[in-house]
Structure formats: C-alpha cells, structure tokens
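Q:
4 protein chains.
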Amino acid sequence: MCGIIGIVGTSEVAASLYDGLTVLQHRGQDAAGIATVDGARLRLHKGNGLVRDVFSQTAMSGLHGRIGIGHCRYPTAGSDGSSEAQPFYVNSPYGIAFAHNGNLVNTEALRREMFEDDRRHINTDSDSEVLLNVLAHELQIQDRMALTPDHIFKAVAGVHQRARGGYACLALVLGYGLLAFRDPNGIRPLVLGERITSEGREYAVASESVALDILGFKRLRDVEPGEAVFITNDGQLFARHCADGAVHAPCIFEYVYLARPDSMIENVSVYKARLRMGQKLAEKILRERPDHGIDAVIPIPDTARTAASALAEALGVPFREGFVKNRYIGRTFIMPGQGERVKSVRRKLNPVELEFRKKNVLLVDDSIVRGTTSRQIIQMARDAGARNVFFASAAPPVRYPNVYGIDMPAASELVAAGHTEKEVQQVLGADWLIYQDLPDLVWAVQDGNEKLKHFDTSCFSGEYVTGLDQQYLQQIEMLRSDDAKAARRSA
Amino acid sequence: MCGIIGIVGTSEVAASLYDGLTVLQHRGQDAAGIATVDGARLRLHKGNGLVRDVFSQTAMSGLHGRIGIGHCRYPTAGSDGSSEAQPFYVNSPYGIAFAHNGNLVNTEALRREMFEDDRRHINTDSDSEVLLNVLAHELQIQDRMALTPDHIFKAVAGVHQRARGGYACLALVLGYGLLAFRDPNGIRPLVLGERITSEGREYAVASESVALDILGFKRLRDVEPGEAVFITNDGQLFARHCADGAVHAPCIFEYVYLARPDSMIENVSVYKARLRMGQKLAEKILRERPDHGIDAVIPIPDTARTAASALAEALGVPFREGFVKNRYIGRTFIMPGQGERVKSVRRKLNPVELEFRKKNVLLVDDSIVRGTTSRQIIQMARDAGARNVFFASAAPPVRYPNVYGIDMPAASELVAAGHTEKEVQQVLGADWLIYQDLPDLVWAVQDGNEKLKHFDTSCFSGEYVTGLDQQYLQQIEMLRSDDAKAARRSA
Amino acid sequence: MCGIIGIVGTSEVAASLYDGLTVLQHRGQDAAGIATVDGARLRLHKGNGLVRDVFSQTAMSGLHGRIGIGHCRYPTAGSDGSSEAQPFYVNSPYGIAFAHNGNLVNTEALRREMFEDDRRHINTDSDSEVLLNVLAHELQIQDRMALTPDHIFKAVAGVHQRARGGYACLALVLGYGLLAFRDPNGIRPLVLGERITSEGREYAVASESVALDILGFKRLRDVEPGEAVFITNDGQLFARHCADGAVHAPCIFEYVYLARPDSMIENVSVYKARLRMGQKLAEKILRERPDHGIDAVIPIPDTARTAASALAEALGVPFREGFVKNRYIGRTFIMPGQGERVKSVRRKLNPVELEFRKKNVLLVDDSIVRGTTSRQIIQMARDAGARNVFFASAAPPVRYPNVYGIDMPAASELVAAGHTEKEVQQVLGADWLIYQDLPDLVWAVQDGNEKLKHFDTSCFSGEYVTGLDQQYLQQIEMLRSDDAKAARRSA
Amino acid sequence: MCGIIGIVGTSEVAASLYDGLTVLQHRGQDAAGIATVDGARLRLHKGNGLVRDVFSQTAMSGLHGRIGIGHCRYPTAGSDGSSEAQPFYVNSPYGIAFAHNGNLVNTEALRREMFEDDRRHINTDSDSEVLLNVLAHELQIQDRMALTPDHIFKAVAGVHQRARGGYACLALVLGYGLLAFRDPNGIRPLVLGERITSEGREYAVASESVALDILGFKRLRDVEPGEAVFITNDGQLFARHCADGAVHAPCIFEYVYLARPDSMIENVSVYKARLRMGQKLAEKILRERPDHGIDAVIPIPDTARTAASALAEALGVPFREGFVKNRYIGRTFIMPGQGERVKSVRRKLNPVELEFRKKNVLLVDDSIVRGTTSRQIIQMARDAGARNVFFASAAPPVRYPNVYGIDMPAASELVAAGHTEKEVQQVLGADWLIYQDLPDLVWAVQDGNEKLKHFDTSCFSGEYVTGLDQQYLQQIEMLRSDDAKAARRSA
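Each protein sequence line maps, in turn, to chains S, W, V and D. Residue numbers for the first sequence follow the numbering used here, so the first one is 8 and each next one is one higher. Residue numbers for the second sequence follow the numbering used here, so the first one is 8 and each next one is one higher. Residue numbers for the third sequence follow the numbering used here, so the first one is 8 and each next one is one higher. Residue numbers for the fourth sequence follow the numbering used here, so the first one is 8 and each next one is one higher.
(1) Are residue 462(D) and residue 256(D) close, meaning C-beta to C-beta below 7 Å?
(2) Which class does residue 249(S) belong to by DSSP, given the choice of helix, strand or coil?
(3) Could you tell me the alpha carbon to alpha carbon distance between residue 220(S) and residue 226(S), rounded to whole angstroms?
(4) For residue 352(D), which residues from the same chain have a beta carbon less than 8 Å from its beta carbon, with the 5 sequence-adjacent residues on both sides left out?
(5) Kindly list the residues whose CB is nearer than 7 Å to the CB of residue 110(V), restricted to its own chain and excluding five residues on each side of it in sequence; keep chain order.
(6) Please confirm if residue 67(D) has its CB atom under 7 Å from at least one CB of chain V.
(7) Runs of 3 residues minimum, wholly inside the stretch 224-275 of chain V: which ones carry the beta strand (DSSP E) assignment?
(8) Can you name the residues of chain D whose CB is closer than 9 Å to the CB of residue 25(V)?
(9) Residues in the same chain with beta-carbon distance under 6 Å from residue 322(V), minus the five sequence neighbours each way, listed in chain order, please.
(10) Could you name each continuous beta strand (DSSP E) segment of 3 residues or more that falls completely within the stretch 408-445 of chain W, going from the start of the chain to the end?
(11) Name, going along the chain, the residues of the stretch 93-119 of chain W whose beta-carbon falls closer than 9 Å to a beta-carbon of chain V.
(12) I need the DSSP call for residue 86(S), collapsed to helix, strand or coil.
(13) With distances taken Cα to Cα, identify the nearest neighbour of residue 43(S) among 482(S), 10(S), 170(S) and 21(S).
(14) State the DSSP-derived secondary structure class of residue 363(S), mapped to helix, strand or coil.
(15) Relative to the alpha-carbon of residue 270(V), which residue among 79(V), 17(V) and 197(V) has its alpha-carbon at the smallest distance?
(16) If you measure beta-carbon to beta-carbon, which residues of the stretch 181-211 of chain D are closer than 9 Å to chain S?
(17) Kindly list, in the order they appear in chain W, the residues whose Cβ is closer than 9 Å to that of residue 78(V).
(18) Residues in its own chain within less than 6 Å of residue 238(S) by CB, not counting five upstream and five downstream?
(19) Per DSSP, residue 161(V) forms a beta bridge with which residues?
(20) At a CB-CB cut-off below 7 Å, which residues of chain S make contact with residue 331(W)?
(21) Measuring only the C-alpha atoms, how far is residue 10(S) from residue 212(S)?
(22) Suppose only complete runs of 3+ residues qualify. What are the beta strand (DSSP E) ranges in the stretch 120-176 of chain W, listed by chain order?
(23) In three-state terms, what does DSSP make of residue 26(S)?
(24) What are the residues that DSSP puts in a beta bridge with residue 186(D)?
(25) Using a threshold of 6 Å, is the CB atom of residue 303(W) nearer than that to any non-hydrogen atom of the ligand ATP?
(26) Report the residue from 301(V), 27(V) and 358(V) whose alpha carbon sits nearest the alpha carbon of residue 78(V).
(27) Just checking: is the beta-carbon of residue 130(W) within a distance shorter than 7 Å of some beta-carbon in chain V?
(28) What does residue 476(V) pair with, by DSSP beta-bridge criteria?
(29) Between the beta-carbon of residue 81(D) and the beta-carbon of residue 359(V), is there less than 7 Å?
(30) Can you name the start and end residues of the beta strand (DSSP E) that residue 396(W) belongs to?
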C-alpha cells in the first residue's frame, strides 16, 4: 500500500506532486518523498510522516523542475525502517530516481544476484531498492551511446523477466524523461492522464485517478499490464508492451478497501463497485433470512459507508450513522500511577446510543482481517443497548496473506484462517455474521467492465497468480507476525 | 468555540484530560493546554496546534496530579495571538488556573475596571484572561482566613454581576479544588459526570458529554445556567445557583453545527435534533414543490450527513455520498513559476461524478455563512454534469454575528445579511435554495426536551439575550472582517 | 551565577538585550529570557539553552518595545527545573516582570509568609519567584492612586527588610518603568551606564560592565549596596538608598573566577586584579622555594591565563600554553557494546606534549573546588612526560559552600573542606601545591579600589556577612550533593 | 578546510568517530557526517551544523558497526549547498562511502568525463562526489571476481592519474575495509595511528594527530604523499605508493592557521612551529627597529597567541591578553525600528582598556586576508587609548587564492593582492605593519623536520605545485567573490 504520482509538465511541478500526494495519502501515511529534475540535478526530499509534515516551505523551495515523481509509503513485507522512504536514487547509470507501489515475491534471490553478478549493493530491506537496481542494471547493459525509447523498453522487458510480484513503478532517468510501468499481471493500479496548458501538453501518471482529477488532468486510460510508458523531457509519449502472455488480474482489494471511492480503476468506478457490493449483500440477507427483523443498518466509518447505504436501501431499512469517528486521535501515553485508560477502539469510534437501544442493528464493515476491532465494536453495540447485533462484511473471509503490496498480518493472525464462518461468528460474538460470497464480490467489480476476466483474489482464495515458493509464505509468516514486528522494533 | 474539560480524580488525570481533549478537538484546533495540581505546585503545558502536536511524552510526564483542567481553543473576537493558549494562571490569590469557552460582550469595560480599580494587569486580548482576573479579584476580597465553598459561590456571584456574555468556565484553585460555572443564560454548554473507581468517586466536567463517554464517566446532568459546582480536593461536590432570574437560552448553533452528533446537550441528543432538522426540511420541500424531481440527496460532509440522511428518507429519494472529503489536506505552497493550482474547495472535496451526471441533485449543508464555499460546491456539481442543482441549508439564513463564542465573520461578510433568500440563491448560483425556517429549527431541538423554552438564535434573528451596546457590534465588524484579520497577521 | 541586563531606550531594545546577554552568557548557560514592554503589553520569551538557541527570528519579532530586561541562568540552590527560566511575571499589581542574580538564605520562611499572610502562590523552587512576590506585595500595600518613585523606594525598603542574601534585581513595572536594586551588602554586582543617541538619553543596568561596553553604553557607576535606581518610561532616573548600616561586602569570587576579565566591578578591573593575584602567587613561591626549578608556567585555560601570565613574568619563567582547550565539546553518548571512551577531562583539554616532556611545570588554575579535574590534569601532565608537576591556585582553599548565588557543591564534596593543604596536595597527586593566601587575594582586589574594606569571602573563611541559620547549611548540604542531584533528576 | 577520521576497530566505533570529529571541528563547522559498516549495511547520518547539533542519541543509535568514517565540512570552491554534507555514498560497485578533505583543480573536466564516458551522474557541486565516482569507476573496471588489496591500489593509482589537486581521502568499501589515500604532493595532511585493545589491534586515520591523541591512539606516521593504506575488515593493514615522482609539498597554511597547535603534521609540532614564527618576527622587528618602544604584545585570540607569546618573550616585552574573545556569539537580528547595533568585530572581541591606554601596543595575528577585521581591531585599539598601534602578521602577505582546499576569498578581495606592504599598512591604519618573510615562515616549519624540502606556499608566492589552467583562477575569482556568493544564496 503506497501511492505514487509522476508528472512531465510545462512549468514547476513540485506543488502539484504535493497536492497529488495529499489525495493519495490514504494509501500510505508512514513516509513521503518527492524527486524532481532540475537541469542536470536531481532534487530530492523525503522523510517519515504525513505529506503535510514532511514538506516545509524550505523543502519545497529546493524542489525545482518541471518533471518529477512523488511517493507516500505504507510499510509492507517486514520493513519498519526509517531509511526506506522513497523515491530511491542511484547515480549509475545516468542517475535514476525511483518510486514504487507493490511487492516482489522473489526479492531475496534478486538481492543475491544483484550483489554477486552485478556488484550492486542494496542497503535497505526495501524491495523497491532491489527493483531500482534491477532496472539500473538492465539500463546499464544497453548500448551506451544513445539511450532511446527502444533501449528503455528492452530494459523494462529485462526487469519483467527477473522480477516476480505486483508492482507499479515510476522512474526519472536524468537527461531523458519519466518512465512508468506495471507488472505483467497488472496487479497494482496505474493510470495515465493529460492536461493541456497554454504552454503545451502535460502528462501525469498516478496510482489512482483521483490524483489526476484534483490536478485537473483528464484520465486517458490505465497503463496496461506489462506495458511501459516513457515520456521524454520534451513531452513526447512512447508506449510498448514489454511482457507477453500474462493473465490480467487486478487486485480486488483495491475495490473493497484500499482505493478512494471517487477513483476509477480499470474503468470501474470504485464507488459503484461498492454500491453493488452492498446490493449483493442485501440479496444474500433476503435470501437467507427473509424475516431478518433489522431495524437499522449502521456502517463502520469511513470505508463501509457506501456499501452500507446501498444495502440499507435494498433492504428498505433505515441507514443510520450510529458510530461517530474520532478525527483527532492522539497518542497513547503511559503515565505512572495512571487510572483506567480508554479502550483502543473507543479512541476511534463512539456510538450514538439512541441508534442502538433496543434495536436489531446490522453493522457493516468492508472486510474482517484480525477480527479484534470487529469484536470490540460488536461489544460496544451491545453495551449501547442493542437487542441483536448482526455483522456484515462486504468482502469474503480473509484467510491468506497478501503478497502483492497490501499490508496484512500473517495467516496465523487472520481470524478466518482455518475457521468456518460459524466459528468466526462465535469469536466475534455476533448474533449473525454475513460474509459476501466471492463470486458476488467478483461480480460487483466486473459489472463495471466486462473485459475484466480475472482478479487477484488471493487473500480470499489462496491462489497466487504469479506462483509462489512455499518457503516464501513461511518467511512472510515470520516477518509479519506481531511478535516479529515487536522484536524488530526493539532491536 | 473552545472545548474544556476538568477532572477531580483518584489517580493521575493528565492522560484522561488528553484523551478528553482529543474528542473535543472539533471545538478548537488552534491551541491546547492542560493544567494539573501536583501537591503545592501547578503544572501547566500549553501551545499552538492540535492536541496531538502540543503534548509530547516529556510534556505529559511533567503534568502530575489527580486534579486538572484542559482546553482547546478556536480564536474568537479578534484574537489570533499565539500567547493566548489556555489555561491561564494568576498566582494571587491562592494560585488559580482557568479555562473558558465563550465570549464576553463587556470585555473592554471590565479590562479598564480591572486595571484602574483592582490594579490587575491583563496582558492579552483574551477575554478569558479578563474573566480569570474578575474571578481572582472576587476571591481576593473574600475573607482570607478560610476559603469555604460559601466564599467561592459568593465570588462566582460577583463574577456574574460584572461579566456579560456566554461563558462556561473551569478554575483550579490551588489548595482547594475545581470550580465549574456557567453564565446565567446558560448559553454555552457544560455537563457533569461521575465515575466510580476502586479508589472512590471521581467527577468530570466538560463542554460535551462525548468527552465523558469516552473516559467512562456517566453523564449526571448539565451544569445549570448561573450555577456553580465546586469539587474539593478530596472529592466533595458542592453546588449553588449564583445568579437569579435570567432566561435559560442555550446556543442553538451547537445543535446545527458545532457539537458532535454523539453528544447530549441540555438532555437533547444532537444527533436526533439533526435528524429532525432533516425531516423538517423534507416537509418544507414537499410542501413547496411536491414534484421536486430530485434524483439524489447529497450531503456536504461531514456535519450535514445526519440531516441529509433523514431528509432523503423522508423524501423517499436515494441518499448518496457524492462528495468525498479529503482527509489529508496539505499546506498551500507558493512556488515561483508554478502553473495552475487546485481550487481551494477542490482541495477539500472531490465529486464522485457518476452521482451527478444528468441528475437533479439536492445538496445539503448544515448552514450557509459566507456562501463562498457553497457557490464553489454548486459549480463543482454542475461541472460534474448535474442537470439541476438544488441546495438546502439545515439552518435559517445567518444574518447577524455571533457574540457568544462562535467564530463567525463580520455581518458585512455574511452572504445572507441584508439579502432575501432569492438573492442568496442567485449569488450561490443554485437552481433552488431551501432554508430551514427558524421555528422548525427551534422545534427540531425543543422536541428533545420540552423544558427548553428559549434559545440563543441571535445569528438568525438578531436578538441578543444579554443585550448589547450598539458600539459593540461595530467593533466586532472591525475586528472580524477578513481585511482586519489580514492586517493583524502581518503586523 | 546568573547574568541580568535592563535597558530603558529610545528605540527597540530586544536586539540590544540579546547582544548584551551573549556577553553575559558565561554567567549562566542553562536558560535565557527577555521581557519587553510593548505599550500596555508585556512581551516575554524564555527557554532552556544558550541565548543563541533560545531566540529565533520569530521569537525576537514578538519582543517589541523600548524598555526591557534580559536574564541568563545558571542553576543554584537545588533548582534543576526547566520551568524556572527568567524573567518571571506576576499580573497583580500593575504587571511586573522580574529577573535576578543571587540567592536568598531565608527563602523557606519567606515562601511560607507569602502564602499564609499574603495569599500569594509560589509555583517554583526559584527564590527569584519568591523575591518577585515579596516586591509585588510591598508594591501592592502602597497607595494605589498614584505610584510614585517614592512608593517604589518604600517597597524596595520593605523587600530589604524581609529578604536576606545576595541579590541584584531588575523589575519592569508596567506603565511605570524599570527598577534596579542590589542587596544591602552589595554582594552581587550591578552596574549602571548611559548612552546618548539622537533621540535622547538611554540607560542600561547590567551584571557586568562588559555588557555596557559592547552596546556602546558608558559605564557611569555601580548601583550601590542597598540602593534602588528607578528609570521611568520616559527616561527620568531616580535613585535612593533603601537600606541602612549594612557592611559593603562584594563577592570576591567574581574577581577570582566568575566575571569576565574585561569587566570593571566596584571600580576594580577584574583583569588587573587577576594580574595581581599572579604576582602575589609568584612572591609566595619565591619566598617559599627560591630554587623552585620551574621550567614553564602553564595555565589551565581559560580563566587562569591572566594570573598565570603575570606569575610567569614575575618568576622570569617562560609562559606556555601547554593545554589546548577543546572548543567544541560534544555530548557523551552511551553506545551498546562500545569500547573505551575518552576520559572526561581529556574531552576538554589536550596537552601539547613537548611542553611537558622532562620539564618541571607549574600548572595554574583560578581555584580548586572538588579537585577531581585538577587531579586528572596533574595526571595528564605526568603522562605527557613532566618531571615534576607543581600546581598553583590563584584562590585560597575553598572549604565552605557559597550561599549567595554561586553554584558550588556541598561542603562534603569540596576537596579542601576539613583538610590541610598538605592533605589536598596528596589527594591531587601534585609534587607541590601552592594556594594563594586569603589576605593576598583580598589585597589583589583591594589594590584597585581602596574604599573596599570588606568582601564576602565566605567560601574560604566560613564567615557569612548576612548571618545564617545553622539548619540552612545542612539543607544546602542535602540539596547540592551529587547524589541528591541525581535523585532529583531521575524523579 | 574539512576534517576527516576513519577507524577500523574491534568494537562499536560511532562514539569514537563523534569524539574525534569534535576535536577536528575547527577544520569545518558547516556540516558533519558519520558512516559505519553494519554487517551488509551502510549506516549513514549527516546534516548541517556542528557535530554536537547534527548527532542526536537517536541518530547515534543507528550507527552500528566497528568500521566507520566521519567528516566535518567547511565549504570551498563555491559550494554553499546544504545537500553536500559528507560522507557521500554510491551503491555500485560494492557500496562505497567516501569523505574527503581538499580540492581538485580539474573538477569540471572530470565531471564531464564521468558522465560522457562512464555514465555516472554527479548530483552536487562537490568535488568530493566527483572524486568518489572516479574511485568507483576505477574499482569497477578491476577484476570483479575477487577484490584484493592489489586491485584497490591499482584503482587508487588510476585516481591519481585522473585527479589533480590536494586531497586526503577515506573510503569504506562494503565487504572489504577502509581505504585511506593522499594526493601525490601530500598537500593535505593525513595521519595514521594504532591502539591495542584487549580485543586486538585497531587503526585510525585522521586529518590531525590530535584526533588520535584524544581517542588514545598512538600516532604511527603520516600517510605518505601518493600512498594508499588499506585496512581490511579483519584489521590487516596493507600500504603502497600509488604515484611516482611528485614533489612532496605540504600546505604551509596548516601551520600558520588551520591546524590545532597540539597536532603533529609531517612530524612537525604545529605549536613549536608557531613559537618559531614568533621568534622570527621578533628578530625582524629588532633588526628593523631596535628602538621599537613597544609596551605590550597583544595577540588576536585564539590562533595568534602562541606566536605572540614567543615574540613577546624574544622582545623582552610583557605579553598581555588585551582582547577578550566572546565565546557565545549570537545571531544578528534585524529588528524594525531598531537603534544602533554592535559593530561586527565588537561582537567577537572586547578590549581590556587598561592594556591599551597610552601604550605602544604590538597586535599580533596569524595572517591578514581581507584586512577588514584587522582594520577594525586596530581602530578598536586606538579607541581604547593606545598611543601607537603596531601590527604583526605571523605569515607573509596573502596575495593569491588557495586552490587546494582552504577557503579564501577571490584575489580581488585580498587586501595585499597587488599592493605593497606599505600600502596595506595605510589601508589598515596601523602605525607600523610587520609581515613575516616567506623564507622565515618556511624555516619556522622546516626546522621541525629537515626532510621537508618544499611546501605549498601558493597563496604567498603564486606558485601552484600541481600546475593550473589560467582559466581555473578566473573561475575561482567568479565563484568566491562575495557578490557571487550573495547571488548564489538568494537564488
């Protein structure tokens, strides 16, 4: 879960990259960075924290240039390190700045090859640094006399042959232009837009179309699976498919939870897809319990609101904002001799008691991962006086880890891993637990673009489109468990 | 618009005050502060910014004590100053820390009296500092041998005689306890709660009941108009009415916009009041245009969502989240040579275009103040393809300044001041503008507690319950106009 | 050990106060603050750290006014607290900002009186806050109709009657002017200067004349013991003696160590006094060991350099800078698994080995307090190859604590307390230890101004000019011992 | 003017590097950095400011490893940029961190070659980054199978063939060890030391021996001109001369001004060299004016003190510390409406007036560059009442720019460029100006090590040992003039 954006403009781009990152911020709040090309120099500023905290006026003032990329980061695959903010940079060949959303499943092998064969040192745990060095190496072995789009596309083809996983990438090649490419399965999203100004045509590439919208760029199309788009310094756009024969399988979790509702991904409106998820859930409820007796449909804010409103409408039951989200959550201080503290979920949500008292309520969330929060919320609904607490998940049971760039715990920490829906219902303490069926979820998205035949649904189905070594999942298990994280942090 | 909270506890209270302030943060994001009583010492930390930014672990570590008060501030009445974070402190008599929500209308006269008669120097523009010194003086002239609740209530009565306006106040009197009091008209809210711990009974007083809820305090009752509540260091509670014969007139704007929906004020659920506002608006619409042809009801997030959902339900029209709020708004950087920037409202809201295209949409906001944002939002709806854009305000036209602690611009900058609803509709560019009628708004609140006979509705009606000198409004006009603010800031 | 400065000017004074504080910084590096009078407002900025770190451009921009005071602090008498930066402020009566150098010996009694009789709360351990409140109270009981210089001098007389100790004080009285006064024995220094500008006459008062010099003020005279000087807002100067019959006894340690060599205190050049100290030491050496065989005189930089050069000259022996002082001392980091660290004194001084090898060296320091550093330095000289290491102290043995504002350890930690000079020589490991005789030290200062008949020499003689309660010294012992300090810090 | 230090230790080295940098801080106060090798990772922290400000406990905690390098920077050759703190890092080949003291005279040509031939992008103006990339390239073209000391020395030989200038360099090669090398003329200093610990032998390399002393390392020898020393990860030391036939010509300015007096450079004690400079000056004075009538010799602190004391001794005239240096210089604030400010030199020095009044004083400085400060100091001496002000410079007239790493203004801004000594005397306003003769300066250093036959004395003689393109000096003129600097800063 990261957000990326790149612009080849006709005037200074840093402020636009900044604005774009603020609307991609939901994809990663850990770190942020911007790199621009200022004549023969690369300007780079990055740091830990929200976009608004990382960039001061001073920092922005240094980011000259009409070509640049930006990144906001959510840590995946065992990286908590502070030195891993992006963009990354290597100075040989040419000078390349690189930003990436996704995750590789053969990082370790690549890292070894890099050092042993290519004598390139990788200094962080980030697979983005690995990808950058693969790209750098593939560029380095091209003809050195004149770097053409052709050479660049050959280098990308080389990357696709070596790297396995989900990745959407942006690279500034100093002296040449902006390169954007996407993994052969098109797992992670990347969208291309243009803006016509008095100075000429400008291009932007971003993780989500909402970043184009806000900057006044018109969405042209998605970058296609395996495709590379290269925009030269003077604004010429070249595109080529650099990988053959792979199944197009976009990540379905983008629609469930990750993307903003006002984004279009693969020509599907995320908002509409969520409405359809709600509708399908309603159908299932009416099918399974025609006499459900639900008095109110209550979303867990914010993501579930869209699906919940459609669900309520389809059920003909009032839609009620029974939980108020605390917008200003503070830190948890440990004070000596301190009395009771607020329960963790209580710091995030507060119930409007009148909406619960003596009612049969249907709580709706986008998905259930660990189950810890859901259990606390259900208890909170009961404490507020609900007669029956039903709970609906707009996604099917999450039973397998995500390995393509969405931060999810180890399988052992997923409440539904190895359990039936009935068992999960018991663990959560719900009076009735309704999960979306996977075909219904697929339909909800597909209905927006019938050309989409496949999706990456691995965390529901356990089927990984890129294939996986068995040992990889074991390693993930080790890296992502909470205990492992705690150990790393205290190291 | 400020939030206050005070606790007399049985163990350390700083972390609870902090948590309480985070849920009162919507009442003021400018500055925050906490004061605690640590034996014979007052501990105080305050600063500009959000609660989570003002308090570091180090700052919290210094805030020892089981009695304390907290404050978050939104500037009113012409104060932008950074030195005006609360609580304020005077060391004579006793040592008093003070935090306050509200605004006085006779500040200038009091300030003069303070210096000339009482030789007390007021060092800021804050009327809180004035109120504190009035209180300090009234306490100083009591019998010095032994300060009893009786003396304290006499001092509060003295304050009520001198101060005019809306005010809810908390004061720590070193060596004695926590004092809470509310203006004789009960304009600003203040609610009392208790919590039973293994160590004994604890009391909390706060601007809104949500701060009690989150800390596990049970709401007992509102502090009454003109009443003072004094809780001694060892947890004994004394209460007395210190002003006679005033009309009880709570601020109706708390229900419209200011308070959190999950708060109870004067035994009225803010959430329910907002549902009723939506319902009344629907009735008006059906009355005036039975064939309204509305395809979707779209709230301006976040406050209007409650009223809009009830409105949609009553109209039998789909409720749609057509605008997505940007949660991570960044700063506006001015970059040399920079191209076009994002329009200001576009930085805050983004339309889901599919909800607008070729539809008749009814946008719903809680109120219309300057009208600037509303006009831009209406235009944004048109740009997204809406056929007709109707606009509903859950409150009547705002035509007069608020002088009791709600930050509102000068009358000259209110779009409805001196204009008919038809004229405002033209200015905003709406195809139809529907304002709530004042009696309907009053009913929507009153229906929750029929004992409430009066409200402060001055910004709609121009009637000020405390009375006003004519020159006061002129002064407000000067202080609050944007030009005046800009001039002050650059000074 | 603190530095204070006050100016009544004809134009903005903050920058001058800042510059003045930088040259008084040797008197205290812990905290700094400036207060100015800006019309009816007091502007105040203070914080922990060096002057250059406490004041940013933003902070300075707020310090408007042509009248102000500044302070830099070195903690004394058990105060490590961060909230004790000066100036302090009380708002009743009038508004008074206060800065002070010195220490009281009856703080506890005053603190009690303050609260019980005057209901004034003292919130810190600082005796400056006590003194400020004594002054505030004495001003408050004057006639309230019109505050004249006469009333102010009566208030100072009241302070002198209640406070016992060494103190040089500056107070801004809002609406009136700048008050400067000094304890009846004149223990702590305070000097008055003037500057004629095109706008008129300006006055400055400071701890040391060097602060006047650097600002272009002409030194007029010292403020006299027990005298108060009051300069009105419009620049009129009034002065009066407010205490009778006390012995004038300036602190002799100012000449030994504390003051800058380029200052004049009580009309005595500190620099010249130090030259005479060196000369007297030389006489003693020649008297005691005519065949001393010293090859080089080596000062411990920086303070001892002046005395050492005169000593070398009088002995006819080369003066050599055998130790180089490290100007950029960093923090001591504790690193896990780290090897040996630099010895503490080695971080401060490095020997030029060639000046020691096979030589008889005479090291000269201004005084010997704990002896720890001296012992390490002597060892360092030996390690560098010195044949014999002689050690001279420009001051007599320090055997008693200082109670008038110089930070010195508890008696139990003074190497010379309860020991003969011979015993100290053994502890330090010197081949010969030469202490200045007290009469010689007194002469060295007195020779510059024969009107000076007495000095506070208490840390050498144990005679305290103000008298002391026996229990006071015990309390000091408790507060100042290193163990006590460590305990407080970890609390 | 930079300071560098590297250690191959047996336990954690970051704290030692930090301590070493603090005593090299006089060589550069602009920026500081440390890089360590932590297993397969390079740890790097750097920033602008003093060592004590750049490194927090958090930063230090990340710098794990028993091998590392440190750097403190003073900008040369037109670099004010904040991104140019060292060490620099490239990840290909191997991962190399690099720190450097000195300056190249063929940077531009190298930079071009780098990009065109080697496709390496240089992102800053720093010639250190250029040198690093030359080294990286030379290493890359070695046999890739197994990097041996032999390959490393060949790479250094390659660097010497391409780079022209003065440079002392340290490089960490990940997986291999620490490399130290010095330019073929040995212009910039570099010294090697060892320390035997219980864990085994450790090596350190630093700009000055004082950094070895303070860490308890024994100085073994200087790294020789053109020599490279390579210490492997497991502590084996290899050394080889990698350049032939160059003249050994150490920078004489190190002895005059730059180095600490307690350092040994090329087996010459800097302190002793300065004593000899003073002695030679005295001889010249006695030769030219046997009846000089000088009453006191007064050094301009701190550097000139050593020479001045020897001069005084040789003349038989008292040595007096007539100027007190302000140790705590603050920022210069520009305040609106502010009155007169302190003169710039007055902020740095304050005269002890008694040492000047009616005396013939001889002020001694190490050298005269722009002359601005000298002129102000001479005027200050006059204002303090001196009868005659003589001025001696321990170095000859500075008439040419330094191009080997010492920050000096453009020739056009050197007071002695194109002027006779008589003319300079007039400009400075001295009653007599005495410059050291160049042969005397050379003798003063050479007398400590007769093997030294040549020095770089270019700023006195205009003879550049490496040869120079004429256009290079013109470029320097453009870059270093104050106007040019001001323009760059505001850009």
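Using N, Cα and C, we set each Cβ at its ideal position, and we do this for glycine too.
A: In short:
(1) For this step, residue 462(D) is matched to residue 455 along the fourth sequence. For this step, residue 256(D) is matched to residue 249 along the fourth sequence. Yes, the pair counts as a contact, with Cβ atoms nearer than the cut-off.
(2) As a working mapping, residue 249(S) is identified with position 242 in the first sequence. In the structure shown, residue 249(S) sits in coil (DSSP, three-state: anything other than H, G, I, E or B).
(3) Position 213 of the first sequence, counted from the first residue, corresponds to residue 220(S). Position 219 of the first sequence, counted from the first residue, corresponds to residue 226(S). One C-alpha to the other measures close to 8 Å.
(4) For the purposes of this step, residue 352(D) is taken as residue 345 along the fourth sequence, with counting starting at 1. Only 380, 383, 384 and 387 meet the Cβ criterion.
(5) Against the third sequence, residue 110(V) aligns to sequence position 103. Same-chain partners within the cutoff: 83, 84, 134, 172, 173, 410, 411 and 412.
(6) One-based indexing of the fourth sequence puts residue 67(D) at position 60. For residue 67(D), the answer is yes, since a Cβ of chain V falls inside 7 Å of its Cβ.
(7) 225-229, 234-239 and 244-248
(8) Taking the third sequence and counting its residues from 1, the one referred to as residue 25(V) is at position 18. Per Cβ cutoff of 9 Å: 337, 338 and 340.
(9) Within the third sequence, numbered from 1, the residue matching residue 322(V) stands at position 315. Around residue 322(V): 289.
(10) 439-442
(11) 96, 97, 98, 99, 100, 101, 102 and 103
(12) Here the question's residue 86(S) lines up with position 79 in the first sequence. In this prediction, residue 86(S) has a pLDDT of 47, which is less than 50 and means its spatial position is unreliable; what the coordinates show is noted afterwards. In this structure, residue 86(S) counts as coil in the three-state DSSP scheme.
(13) Stepping through the first sequence from its first residue, residue 43(S) is reached at position 36. Among 482(S), 10(S), 170(S) and 21(S), the Cα nearest to that of residue 43(S) is on 21(S).
(14) To locate residue 363(S), count along the first sequence from 1; it is residue 356. If DSSP states are grouped into helix, strand and coil, residue 363(S) belongs with coil.
(15) On the third sequence, residue 270(V) is found 263 positions in, with the first residue counted as 1. Here the closest residue by C-alpha is 197(V).
(16) 181 and 182
(17) Numbered from 1 along the third sequence, position 71 holds the residue referred to as residue 78(V). Going along chain W, no residue has its Cβ under 9 Å from residue 78(V), so there is no contact; the nearest lies around 18 Å.
(18) Numbered from 1 along the first sequence, position 231 holds the residue referred to as residue 238(S). Excluding sequence neighbours, residue 238(S) sits near 15, 184, 185, 210 and 244.
(19) Taking the first residue of the third sequence as 1, we reach residue 161(V) at position 154. Answer is none; residue 161(V) lacks a bridge partner.
(20) Within the second sequence, numbered from 1, the residue matching residue 331(W) stands at position 324. Within 7 Å Cβ-Cβ: 267, 268 and 269.
(21) The sequence position of residue 10(S) within the first sequence is 3, counting from 1. The sequence position of residue 212(S) within the first sequence is 205, counting from 1. About 11 Å.
(22) none
(23) By 1-based counting over the first sequence, the position of residue 26(S) is 19. In the structure shown, residue 26(S) sits in a helix (DSSP, three-state: H, G or I).
(24) Here the question's residue 186(D) lines up with position 179 in the fourth sequence. BP columns for residue 186(D) point to 178(D) and 237(D).
(25) No copy of the ligand ATP appears in this structure; indeed no ligand is present at all.
(26) On the third sequence, residue 78(V) is found 71 positions in, with the first residue counted as 1. Residue 27(V) is the option with its Cα nearest to residue 78(V).
(27) Numbered from its first residue, the second sequence carries residue 130(W) at position 123. Yes, residue 130(W) counts as interfacial toward chain V.
(28) Sequence index remark: in the third sequence, residue 476(V) carries index 469 (1-based). Beta-bridge pairing links residue 476(V) to no other residue.
(29) Taking the first residue of the fourth sequence as position 1, residue 81(D) is located at position 74. Taking the first residue of the third sequence as position 1, residue 359(V) is located at position 352. Against a cut-off of 7 Å, the Cβ pair of residue 359(V) and residue 81(D) comes out as no contact.
(30) What you label residue 396(W) is simply residue 389 of the second sequence in a count that begins at 1. Residues 395-400.
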